[in-house]
Each structure stands twice: as C-alpha cells, then as structure tokens.
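See below for the structure under consideration.
Numbering (the working numbering), first residue to last: 605 to 683.
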C-alpha cells in the first residue's frame with residue numbers, strides 16, 4: 605500500500621511541478637533568443653549605416669572600412 609501511495613504522490617508531484625520547471629527553461633530560452641535578435645538587429649543597422657558612408661565621411665570620424673564589422677559588433681554588445 606505504501607508503494608501505491610508513493611507512486612500516486614510522485615505522479616501528483618510530477619504533474620504539479622514539472623510544467624513549471626519546463627516553463628522556466630522555455631522562458632529563459634525565449635528571452636535569450638529575443639536578446640540575440642536585438643543584438644543582431646543593432647549589428648546590421650550600424651553596419652549598414654557605416655557602409656553607406658563615403659570613405660571621406662569615415663575618415664572624418666576616424667575609422668576605415670576595415671573597422672566597420674568590429675565597430676558594429678561592439679555596438680551590438682553595448683561596449
């Protein structure tokens with residue numbers, strides 16, 4: 605009888621708590637994905653804006669075309 609009660613208790617505990625635990629993992633994954641998308645969007649925007657500048661404009665602000673990917677990466681990471 606104790607074994608049947610233990611099985612029922614474990615089933616009850618699993619039904620009650622596992623969805624919450626699984627949901628927490630999914631929420632973290634979704635937040636991580638959203639943050640990565642926001643970083644990518646920032647990277648692409650900065651890269652696009654700097655790439656559309658003329659060499660003269662880039663020289664005026666002290667960067668070369670070679671620096672654009674690194675600058676966009678830093679901007680996307682908030683550095």
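We put the CB at the ideal spot given by N, CA and C, even for glycine.
From a predicted model like this one, the values you see are computed outputs, not experimental measurements.
Residue j beta carbon less than 7 angstroms from that of residue i
i, j, result
"residue 549", "residue 672", "Past the boundaries of the shown model lies residue 549; the chain is included only from 605 to 683, so the question cannot be answered."
"residue 647", "residue 668", "no"
Alpha carbon of residue i to alpha carbon of residue j, nearest angstrom
i, j, result
"residue 666", "residue 644", "24 angstroms"
"residue 678", "residue 629", "28 angstroms"
"residue 670", "residue 649", "17 angstroms"
"residue 637", "residue 631", "10 angstroms"
"residue 661", "residue 674", "18 angstroms"
Local Cβ density within 10 Å of residue i, reported as buried at 16 or more and exposed below that
i, result
"residue 676", "buried"
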